[in-house]
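Under the numbering used here, the first residue of the sequence shown carries the number 406, and numbering increases by one thereafter.
Heads up, the beta-carbon is just placed ideally off N, CA and C, and yes, glycines get one too.
Treat the numbers as computed from the prediction; the structure is a model and nothing was measured.
These notes concern the structure reproduced below.
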Amino acid sequence: MKPENLSAEQVEIQRSGLTALTLSAAFSRGIRLVCPACANSRLFRGWFGMHENCEHCGFHFERAPGYFLGSTYINYGLTTLTSTISYVVLQFGLGVPKTPVVIGIATFCVIFPLVFFRFARSLWLSIDCFIDRTGALETIENVTSSLEKNSLSEIES
406 MKPENLSAEQ VEIQRSGLTA LTLSAAFSRG IRLVCPACAN SRLFRGWFGM
456 HENCEHCGFH FERAPGYFLG STYINYGLTT LTSTISYVVL QFGLGVPKTP
506 VVIGIATFCV IFPLVFFRFA RSLWLSIDCF IDRTGALETI ENVTSSLEKN
556 SLSEIES
């Protein structure tokens, strides 16, 4: 859905949803894989395929080219942190032999990032909308002004 195709109601839903967004709401919406602006529509259409816009409010998810690169830091960071803590606890705390620990952690490091991919993207989008509310709201304001221009040109014709 292109910005010029948004209704005034959809723009208002986006504006009110982002204005009232709290950190806990952003985190909750990220974990539930729903739109950070309205929380009414799913972000993904499959395991890896992401919708371009919210089906309910029309919020555009990818705010700039390469926008979701930051989600890889979340995914990589959690994978690294979990595997490091697991290694230390299993190897030094519980005395588990090194070979099964390394095999188990290597398996985890391959599977976990694939499973967590959607959550990392969703959390990145939701937390970014919480932190950089003005960027998201500026996008909405641009949409609003284009809607007003379109409606004025329709009235004049």
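- A straight line joining the alpha-carbon of F522 with that of F453 spans about 8 angstroms.
- Annotation: L499 to L426 spans about 43 angstroms, alpha carbon to alpha carbon.
- Of the residues assessed, D533 falls on the buried side of the cut-off, its CB having 16 or more other CB atoms within 10 angstroms.
- P502 and F517 have their C-alpha atoms spaced approximately 22 angstroms apart.
- Given a length threshold of 3 residues, the stretch 449-497 has no whole run of the beta strand (DSSP E) inside it.
- Straight across, the Cα-Cα distance linking T489 with W529 is about 23 angstroms.
- G482 counts as exposed, since fewer than 16 other C-beta atoms from the protein chains shown sit within 10 angstroms of its C-beta.
- A direct Cα-to-Cα measurement between A511 and S476 gives close to 21 angstroms.
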